[in-house]
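The next block holds one structure in the form of structure tokens; read it before the comments.
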Amino acid sequence: MCTRALLSSAIYPLLSTPPHHSPLLPPRRHLSHNHRRLAAASPAAAAMDSVASWGLTPLAAADPLVHDLLEREKRRQRSGIELIASENFTSFAVMEALGSALTNKYSEGMPGARYYGGNDVIDEIENLCRDRALAAFRLDAASWGVNVQPYSGSPANFAAYTALLNPHDRIMGLDLPSGGHLTHGYYTAGGKKISATSIYFESLPYKVSAATGYIDYEKLEEKALDFRPKLIICGGSAYPRDWDYAKLRAVADKVGALLLCDMAHISGLVAAQEAANPFEYCDVVTTTTHKSLRGPRAGMIFYRKGPKPPKKGQPEGAVYDYEDKINFAVFPSLQGGPHNHQIAALAVALQQTMTPGFKAYAKQVKANAVAIGKYLMSKGYKMVTDGTENHLVLWDLRPLGLTGNKVEKMCDLCSITLNKNAVFGDSSALAPGGVRIGTPAMTSRGLVEKDFEQIGEFLHQAVTICLNIQKEHGKLLKDFSKGLVNNKDIENLKLEVEKFATSFDMPGFTLDSMKYKE
1 MCTRALLSSA
11 IYPLLSTPPH
21 HSPLLPPRRH
31 LSHNHRRLAA
41 ASPAAAAMDS
51 VASWGLTPLA
61 AADPLVHDLL
71 EREKRRQRSG
81 IELIASENFT
91 SFAVMEALGS
101 ALTNKYSEGM
111 PGARYYGGND
121 VIDEIENLCR
131 DRALAAFRLD
141 AASWGVNVQP
151 YSGSPANFAA
161 YTALLNPHDR
171 IMGLDLPSGG
181 HLTHGYYTAG
191 GKKISATSIY
201 FESLPYKVSA
211 ATGYIDYEKL
221 EEKALDFRPK
231 LIICGGSAYP
241 RDWDYAKLRA
251 VADKVGALLL
261 CDMAHISGLV
271 AAQEAANPFE
281 YCDVVTTTTH
291 KSLRGPRAGM
301 IFYRKGPKPP
311 KKGQPEGAVY
321 DYEDKINFAV
331 FPSLQGGPHN
341 HQIAALAVAL
351 QQTMTPGFKA
361 YAKQVKANAV
371 AIGKYLMSKG
381 YKMVTDGTEN
391 HLVLWDLRPL
401 GLTGNKVEKM
411 CDLCSITLNK
421 NAVFGDSSAL
431 APGGVRIGTP
441 AMTSRGLVEK
451 DFEQIGEFLH
461 QAVTICLNIQ
471 KEHGKLLKDF
481 SKGLVNNKDI
491 ENLKLEVEKF
501 ATSFDMPGFT
511 LDSMKYKE
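Put into structure tokens, the structure is as follows:
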């Protein structure tokens, strides 16, 4: 039986069946016997809701408001074009694990060393997830370890910093307007510390070249030699090119720094061998799992273990000491019990990652990013670095006199989701001069190059509408916003976008299961 038929015939009828008729529930005579037993126990017990009424009622009946909001979000996802580079659509199997009984179990500590009983199955799940994480990135368990308990990427990063650094130690990461991430030590041009990383550690950013948009490795080295950081962080959230990990390793060795890669955005490409491999050169590698890896929202920290390679000035027989420090930083230093449903879902996603189909997917993600970048440049628009080598393009809107805020708002009204983004030279992340466009989510829906060229045309039309409104109403956001109201061009573009988007399959749920099908 096909998946759609299986879901329709076996699962969804249960969700729409009234609780007292559901085949999941005990027969009525058992429930009434239970009520008599509770009534005989105490008045308080008699007043309790039955397990069937509170614990086995489908969401649609238990909380119609939340159910309706969920259904509206499903409609939004299916009918729109999702271009946020940090988002993706995960599988039904991953969602099944996320919504499982594993959410009920508390399991502080590591497998085999828990602070609670009853964790035999949980230990198996976490160990399976760790094994699959190492296998997905082709890592030898004798040389690398992994912690799969971080709740997401930012907690994973801060746990790694907590393990490797002391308060006020020096770090260097890519500047936010250059494509870096907040957790890499960002502070504003005025010196305001935005990220906790910049509050607890002394941070000095490195930047891209103003001329090319590529990371300036020579300037990075100059800064590092002066600043002498204890940790150099590589990886970004809006950098469209690959990383030269060998150069970064050489700089780190020159200044005596550790090298950490945050591969959150590109981990799916790394797993599929469609991006340079940070594990060859880095001491620690962190990642989220829901972006190009296409899993649940979670985080992982990979760390070197075992003997260190021989090095001048290093004691003979030296070994890496990251494992205990990182595990202790995750728990008990920063987190409580791990989210076991999340870890199981991650194990499922990692298994999916190790398939030929996923490798083909990662290759298509890159091809689609190249296609949409080329299409937009053919219209005369400026892409940072004049293209891409990964899953995203960064569109510099400043030559048009537009801001990222306006284009993001316009696209929202047209059922296209992307995000405003700082570009090099911006003074404020709140009023940035660009937008970021990512391809992982729509590639998960089966789109290929020609489809992304069509998306490029939609974006061209959206920007044209923006320019017309700005010309007629003015540049101030309050004036610009007036031109968005009852705008026929916007309404027509939205209809085109939604007709296009709904022609593609949707991972995770079927049209049959949706309340709002149009």
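Under the UniProt record's numbering, the residue at position 98 of the sequence shown is numbered 98, and the numbers go up by one with no gaps.
Positions of the beta carbon are idealized from the N, C-alpha and C atoms, including for glycine.
- Sequence-distant partners of GLU449 (beyond 5 residues in either direction) whose C-beta falls short of 7 angstroms from its own C-beta, in its chain, are ALA367, ASN368 and ALA371.
- As computed with DSSP, MET300 is found in a beta bridge with THR287.
- Assigned with DSSP and collapsed to three states, MET514 falls in coil, not helix or strand.
- The continuous stretches of alpha helix (DSSP H) do not include GLY438, which lies in the beta strand (DSSP E) extending over residues 434 to 438.
- Shown here, CYS414 sits in coil according to DSSP, grouped into three states, outside any helix or strand.
- For ASP68, the enclosing alpha helix (DSSP H) stretches over residues 64 to 79.
- Taking C-beta atoms as the reference points, TYR245 and TRP144 fail to come closer than 9 angstroms.
- Shown here for MET354: same chain residues with a beta carbon closer than 6 angstroms to its own, the five before and five after excluded, namely ALA136 in chain order.
- With the rule of 3 Cβ pairs closer than 8 angstroms, the segment 427 to 436 counts as touching the segment 384 to 397.
- In this structure GLY173 is buried. Its beta-carbon is surrounded by 16 or more other beta-carbon atoms within 10 angstroms.
- A Cβ-Cβ separation of about 4 angstroms places ARG132 in contact with LEU350 under the 8 angstroms criterion.
- For LEU259, the enclosing beta strand (DSSP E) covers residues 258 to 262.
- The way I'd put it, the segment 162 to 177 does touch the segment 321 to 328; three or more beta-carbon pairs between them come closer than 8 angstroms.
- TRP395 carries a strand assignment under DSSP once its states are collapsed to helix, strand and coil.
- Judged by beta-carbon spacing, ILE416 lies within the 9 angstroms limit of LEU83, meaning their Cβ atoms are closer than that value.
- Closest option to LYS499, judged by alpha-carbon separation, among ASP68, SER42 and GLY80: GLY80.
- Taking a contact to require three or more Cβ pairs closer than 8 angstroms, the segment 51 to 69 and the segment 269 to 276 do not qualify as touching.
- Counting of Cβ neighbours within 10 angstroms places MET300 among the buried residues, the total reaching 16 or more.
- Using a Cβ distance threshold of 9 angstroms, TYR187 and SER203 count as a contacting pair.
- For MET95, there is no enclosing beta strand (DSSP E); the enclosing alpha helix (DSSP H) covers residues 92 to 98.
- TRP243 carries a coil assignment under DSSP once its states are collapsed to helix, strand and coil.
- The Cβ atoms of SER107 and THR288 lie no closer than 9 angstroms to each other.
- GLN342 has its alpha-carbon roughly 10 angstroms from the corresponding atom of GLU96.
- LYS312 sits in coil when the DSSP states are folded into three classes, being neither helix nor strand.
- With a cutoff of 9 angstroms on beta-carbon distance, VAL284 and ALA160 are scored as near each other.
- Note that the C-beta distance between PRO240 and ASN390 is below 9 angstroms.
- Partner residues in the beta bridge of ALA113, as assigned by DSSP, are MET110.
- Our two residues, LYS219 and ALA211, have alpha carbons roughly 13 angstroms apart in a direct line.
- Scanning THR286, PRO307 and PRO309 for the CA closest to the CA of ALA298 turns up THR286.
- In chain order, ALA189 place their CB closer than 8 angstroms to the CB of SER427, counting only its own chain and leaving out the 5 sequence neighbours on each side.
- The shortest C-alpha to C-alpha distance from GLU408 to any of CYS466, PRO43, ASN340 and ILE215 is the one to CYS466.
- Taken in chain order, the complete beta strand (DSSP E) segments of 3 or more residues contained in the segment 113 to 190 are 144 to 147 and 170 to 172.
- With a cutoff of 9 angstroms on beta-carbon distance, GLY179 and VAL330 are scored as not near each other.
- With a cut-off of 8 angstroms on Cβ pairs, the segment 223 to 230 is in contact with the segment 251 to 260, counting three or more such pairs.
- Note on geometry: alpha-carbon atoms of GLY236 and PRO440 lie some 16 angstroms from one another.
- Contact check for ALA422 and LEU176: beta-carbon distance about 6 angstroms, within the 8 angstroms limit, so the pair qualifies.
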